[in-house]
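Scroll down for the structure; my scribbles are underneath it.
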Amino acid sequence: MPLGPSEPMGAQAASSPQHSAFGTPRFNNVVIGLAGALICLICLREFSSIIAPWFLAINLMITAYPLHTWLVRRGTPSWLSAMVVSLTVFAVLVAMVSGLVWSVSEMIGILPQYSDEFTVLYKQTSDWAVNELNLDSTAFNRMLASLDPTRFLGAATSLLSGASGMIGLIGVIVAAIVFMAMDTPGLDKRMRLLDQNRSRISVAIGSFARGVRRYWLVTTVFGLIVAVFDGIALAIMGVPLAIVWAIFSFLTNYIPNIGFVIGLIPPALVALFANGWQTAVLVIVMYSVLNFVIQSIIQPRFAGESVGVTPTVSFVSLLLWAAVLGGMGTLLALPMTLLVKSLVIDADPRARWVNALIASDPKDAEIPEEDQAGDDD
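Residues in the sequence shown are numbered consecutively from 0, following numbering that gives the first Met the number 0.
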């Protein structure tokens, strides 16, 4: 239909559906993209028992790779430096699993000792709530029963059984580390060839590797700092098994957002039953203050560039990857998000606008000059 003399040329275009650069309606592209993402997540969940340990092994090898470079520069044969890196990763993995099993075992051993204290506290609290606050006794007693140490004992026992049953999982991780160690000597050459042919992908992989390495190192360092302060404070307050809770706090620090809460519950309960409610309150306050100051104020100044997403995106990532990958998804949530961000968003100039919504630094949404000039690798 021809336009009339008074009808502007843009009117017809404005009334037609928006089209993407490929000539298809933008809505169709969005639907196809969401469907593809959903299919990918379903596939990841289906094969999570293989993908999760492999991805953890990749993270560990990436983190330890500078040791390989350092040894090679000092004349060590490449195959020997790769072996040293793999043995270092094995040692770290064994230390982490041993620390988890030991701390949970100690937890299982000490909680039953406070069943009598729980019974007395249960009765006192129930009488106070019913007589002073006029609360419904049935509902309140049901709530208090959920704090029974035997319930936490059952959960801890299940966790320990799961830890001892991770032989298959650890076997996959060990196999992945061995095979990646065999590939390590030729990795630099492969990356140079990739950079010559697909520079954007090479840059994205390099960005992911640097971010993952920085994330794990910074998280480990600040986890140790928090654990040391926690252990000292618990020892001063006379809480039993202060060293155990410090190690448990260090291990749960790798779980973003909610890790410190998981690490807080056991020492707070033991302090409540062994030392009274005042000490339990002090433990909660101490953990909260240390977590806020070190992990929320100091740590982001060093780790802010490692993942580069907002706190909201970080929490959503935790929920998403826990649902997709199971328990290991809580540990790998931020590295998985960094992988998706690096390969899907940062590597594509047309998708970098998403960084304006999810990146901790909105400047990540800016397109580099070489991409604006039409560089199409």
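Backbone N, C-alpha and C fix where the C-beta goes; we use that ideal spot for every residue, glycine too.
Does the distance from the C-beta atom of residue i to that of residue j stay below 8 Å?
i       : j       : result
Leu-324 : Met-95  : no
Thr-62  : Val-211 : yes
Val-343 : Ala-332 : no
Ser-47  : Ile-176 : no
Leu-271 : Asp-229 : no
Tyr-113 : Ala-234 : no
For residue i and residue j, I'd like the C-alpha separation in whole angstroms.
i       : j       : result
Ala-358 : Ala-322 : 22 Å
Arg-199 : Leu-192 : 12 Å
Leu-55  : Val-119 : 45 Å
Gln-277 : Tyr-286 : 14 Å
Thr-329 : Tyr-253 : 8 Å
Thr-336 : Gly-35  : 17 Å
Ser-201 : Leu-338 : 13 Å
Ile-242 : Gly-258 : 18 Å
Ile-49  : Leu-168 : 8 Å
Leu-356 : Pro-348 : 15 Å
Gly-108 : Val-217 : 33 Å
Arg-73  : Val-83  : 14 Å
Thr-311 : Trp-320 : 14 Å
Ile-31  : Asp-194 : 30 Å
Phe-207 : His-67  : 18 Å
Phe-291 : Val-88  : 30 Å
Leu-263 : Trp-69  : 39 Å
Ile-166 : Leu-92  : 13 Å
Pro-111 : Gly-205 : 50 Å
Ser-97  : Val-29  : 46 Å
Ile-38  : Ile-296 : 38 Å
Leu-240 : Ala-232 : 12 Å
Val-284 : Arg-189 : 51 Å
Ala-90  : Leu-33  : 41 Å
Asn-354 : Gly-275 : 49 Å
Gly-9   : Glu-45  : Residue confidence is low: Gly-9 scores 47 on pLDDT, short of 50, so the model does not pin down where it sits. No coordinate-derived value is stated.
Considering only C-alpha positions, which residue in the set the options is nearest to residue i?
i       : options                               : result
Pro-255 : Ser-316, Val-225 and Val-269          : Ser-316
Val-220 : Asp-187, Ile-293 and Arg-25           : Ile-293
Pro-65  : Phe-26, Gly-32 and Pro-184            : Pro-184
Leu-99  : Phe-178, Ile-246, Asp-345 and Gly-326 : Ile-246
Leu-223 : Leu-240, Ile-57, Ser-248 and Val-202  : Ser-248
Trp-53  : Thr-311, Ala-203 and Val-173          : Val-173
Pro-265 : Val-103, Arg-44, Ala-234 and Ile-296  : Val-103
Met-106 : Trp-244, Phe-314, Val-353 and Ala-180 : Trp-244
Gln-298 : Val-225, Val-284 and Asn-354          : Val-225
To the nearest whole angstrom, what separates the beta carbons of residue i and residue j, a pair I think is in contact under 8 Å?
i       : j       : result
Val-238 : Val-282 : 7 Å
Met-327 : Ala-51  : 4 Å
Met-60  : Met-181 : Between Met-181 and Met-60 the Cβ distance is about 11 Å, and since that is not below 8 Å, they are no contact.
Within 8 Å of any Cβ in chain C, is that where the Cβ of residue i sits?
i       : result
Thr-183 : Absent from the structure is chain C; it holds one protein chain and no more.
Give every residue of the same chain whose Cβ lies closer than 8 Å to the Cβ of residue i, excluding the five residues on either side of it in the sequence, and list them in chain order.
i       : result
Asn-58  : Val-211, Trp-215, Leu-331 and Pro-334
Asp-187 : none
Ala-203 : Ser-341, Leu-342, Asp-345 and Ala-346
Val-71  : Ser-77 and Ser-80
Leu-318 : none
Asn-27  : none
Val-260 : none
Leu-43  : Ile-50, Val-323 and Leu-324
Just to confirm, does residue i get its C-beta within under 7 Å of one of the non-hydrogen atoms of the ligand GTP?
i       : result
Leu-110 : Among the ligands in the structure shown, none appear at all, so the ligand GTP cannot be discussed.
Tell me which residues share the same chain as residue i and place their Cβ nearer than 7 Å to its Cβ, disregarding the 5 neighbours each side in the sequence.
i       : result
Val-171 : Ile-49, Pro-52 and Trp-53
Ala-279 : Ala-267, Ala-270 and Leu-271
Phe-314 : Asn-256
Phe-21  : Low local confidence applies: a pLDDT of 49 at Phe-21 is under 50, so the model's placement there is unreliable, with the coordinate-based value given in what follows. Excluding sequence neighbours, Phe-21 sits near nothing in its chain.
Trp-101 : none
Please work out which residues of its chain come closer than 6 Å, Cβ to Cβ, to residue i, disregarding the five sequence neighbours upstream and downstream, and give them in chain order.
i       : result
Ile-41  : none
Gly-307 : Ala-358 and Ser-359
Arg-209 : none
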